[in-house]
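Undergrad:
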Amino acid sequence: DIQMTQSPSVLSASVGDRVTLNCKASQNINKYLNWYQQKLGEAPKLLIYNTNNLQTGIPSRFSGSGSGTDYTLTISSLQPEDVATYFCFQHNSWPTFGSGTKLEIK
Amino acid sequence: QVQLKESGPGLVQPSQTLSLTCTVSGLSLTSNSVSWIRQPPGKGLEWMGVIWSNGGTDYNSAIKSRLSISRDTSKSQVFLKMNSLQTEDTAMYFCARRGNLFDYWGQGVMVTVSS
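Heads up: the sequence lines are chains A and B, in that order.
If you're matching positions, the first sequence starts at 1125 in my numbering and goes up one per residue.
If you're matching positions, the second sequence starts at 4 in my numbering and goes up one per residue.
#1: Within 9 angstroms (strictly less), CB to CB, does A:Ala1149 reach chain B?
#2: Give a yes or no on whether 9 angstroms exceeds the smallest Cβ distance from B:Asp106 to chain A.
#3: Show which residues of chain A have a CB atom less than 9 angstroms away from the CB atom of B:Phe97.
#4: Report yes or no: do the region 1191-1200 of chain A and the region 1149-1156 of chain A share at least 3 C-beta pairs separated by less than 8 angstroms?
#5: How many Å lie between B:Phe74 and A:Leu1197 at the Cα?
#6: Looking at chain B, which residues of the region 1172-1205 of chain A have a Cβ within less than 7 angstroms of any of its Cβ atoms?
#7: Say whether the region 8-26 of chain B touches the region 93-102 of chain B, bearing in mind that this needs 3 or more beta-carbon pairs closer than 8 angstroms, one atom from each stretch.
#8: Considering Cα atoms alone, identify which of B:Val5, B:Thr76 and B:Ile66 is closest to B:Arg41.
#9: Verify the CB distance criterion: does A:Trp1159 have a CB-CB separation below 9 angstroms to chain B?
#10: Using a Cβ-Cβ cutoff of less than 6 angstroms, which residues in the same chain neighbour B:Leu71 once the five nearest sequence positions on both sides are dropped?
#11: Any chance the region 42-49 of chain B sits against the region 1210-1226 of chain A, with 3 or more Cβ pairs inside 8 angstroms?
#12: B:Gln110 touches chain A at which residues, Cβ-Cβ below 7 angstroms?
#13: What number of angstroms, rounded off, separates the C-alpha of B:Thr90 from the C-alpha of A:Thr1129?
#14: In chain B, which residues lie less than 8 angstroms from A:Thr1220 when you measure between Cβ atoms?
#15: Between the alpha carbons of A:Ile1199 and B:Trp108, how many angstroms are there, rounded?
#16: Which residues mark the beginning and the end of the beta strand (DSSP E) in which A:Tyr1173 is found?
#17: Which stretch, first to last residue, makes up the beta strand (DSSP E) that contains A:Lys1148?
#18: With a CB to CB cut of under 8 angstroms and the five nearest residues on each side skipped, what residues in its chain are close to B:Phe105?
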């Protein structure tokens, strides 16, 4: 199975900061990488699919990039409502999630 | 609009079988796949399996021997059955639309495995 490693596990940033979350696959996943946001007590929400496609209704401050084994979710200007845990997910082969990055406001 | 809702027992005894139902609305199961995903308390997400629009299924190899996913298209329901439950199966169980996208999720149902 493909292992997905997210870093950092916890990220603390200020409102308005540009924030970068990382996801590394144990092998090439051919850009079949999605990002989900999960707020406390809620189901996850799809943000980005296939590396860089913004899901309908998601603010444009969210963007994704990457290729091969290395992928990034960027929030261009952090907002208070972005406090959540973010998971990456690969579906190049048998699907696996990353362990998550918890994003906090300083 | 698209909605999914999980239902099932909140408490299951060890070694017993878990049965969950995902009832969908606003979508047809003959043209949409539905996945099951679970999340132990305070931990990450685990993809369990999917039933595709053609009725075919795929399962996580780690739990494949214990898991079965089926559906009743006339009732717009997808079923999960998992046997030989252990305490480590305690988790929130979610169903989600579309096999590799998960663009709509149910609210989840908490299942505790305990005697």
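Even for Gly, the Cβ is constructed at its ideal location relative to N, Cα and C.
TA: Let's see:
#1: What you label residue 1149 of chain A is simply residue 25 of the first sequence in a count that begins at 1. With a threshold of 9 angstroms between beta carbons, A:Ala1149 makes no contact with chain B.
#2: For the purposes of this step, residue 106 of chain B is taken as the residue at position 103 of the second sequence. Chain A has a Cβ within less than 9 angstroms of the Cβ of B:Asp106.
#3: What you label residue 97 of chain B is simply residue 94 of the second sequence in a count that begins at 1. Neighbourhood of B:Phe97 in chain A, by CB distance below 9 angstroms: Ala1167 and Pro1168, in chain order.
#4: yes
#5: Position 71 of the second sequence holds residue 74 of chain B. Position 73 of the first sequence holds residue 1197 of chain A. Residue identity differs from the one stated: residue 74 of chain B is Arg in this sequence, not Phe. Near 35 angstroms, if we compare the C-alpha coordinates of A:Leu1197 and B:Arg74.
#6: Tyr1173 and Gln1179
#7: yes
#8: In the second sequence, the residue the question calls residue 41 of chain B occupies position 38. It is B:Ile66 whose Cα lies nearest to the Cα of B:Arg41.
#9: Locating residue 1159 of chain A in the first sequence gives position 35, where the first residue counts as 1. No, because no Cβ of chain B sits closer than 9 angstroms to the Cβ of A:Trp1159.
#10: For the purposes of this step, residue 71 of chain B is taken as residue 68 along the second sequence, with counting starting at 1. Here residue 71 of chain B turns out to be Ser, not Leu, going by the sequence shown. Setting aside the 5 residues that flank it on each side, B:Ser71 is surrounded in the same chain by Lys84, each with a C-beta closer than 6 angstroms to its C-beta; the list follows chain order.
#11: Contact check between the region 42-49 of chain B and the region 1210-1226 of chain A: three or more CB pairs, one atom from each, fall below 8 angstroms, which counts as touching.
#12: For the purposes of this step, residue 110 of chain B is identified with residue 107 of the second sequence, where counting begins at 1. The contacting residues are Ala1167.
#13: One-based indexing of the second sequence puts residue 90 of chain B at position 87. One-based indexing of the first sequence puts residue 1129 of chain A at position 5. Straight-line Cα distance between these residues: approximately 26 angstroms.
#14: Taking the first sequence and counting its residues from 1, one reaches residue 1220 of chain A at position 96. Simply Trp50.
#15: Working through the first sequence from its first residue, we reach residue 1199 of chain A at position 75. Working through the second sequence from its first residue, we reach residue 108 of chain B at position 105. Near 23 angstroms, if we compare the C-alpha coordinates of B:Trp108 and A:Ile1199.
#16: Along the first sequence, read from residue 1 onward, the residue named residue 1173 of chain A stands at position 49. Looking at the DSSP string, the run of the beta strand (DSSP E) that includes A:Tyr1173 is Lys1169 to Tyr1173.
#17: As a first step, residue 1148 of chain A must be located in the first sequence, where it is residue number 24. It spans Val1143 to Ala1149 - the beta strand (DSSP E) in which A:Lys1148 sits, taken as one unbroken run.
#18: As a first step, residue 105 of chain B must be located in the second sequence, where it is residue number 102. Ser38, Ile40 and Ala99, listed in sequence order.
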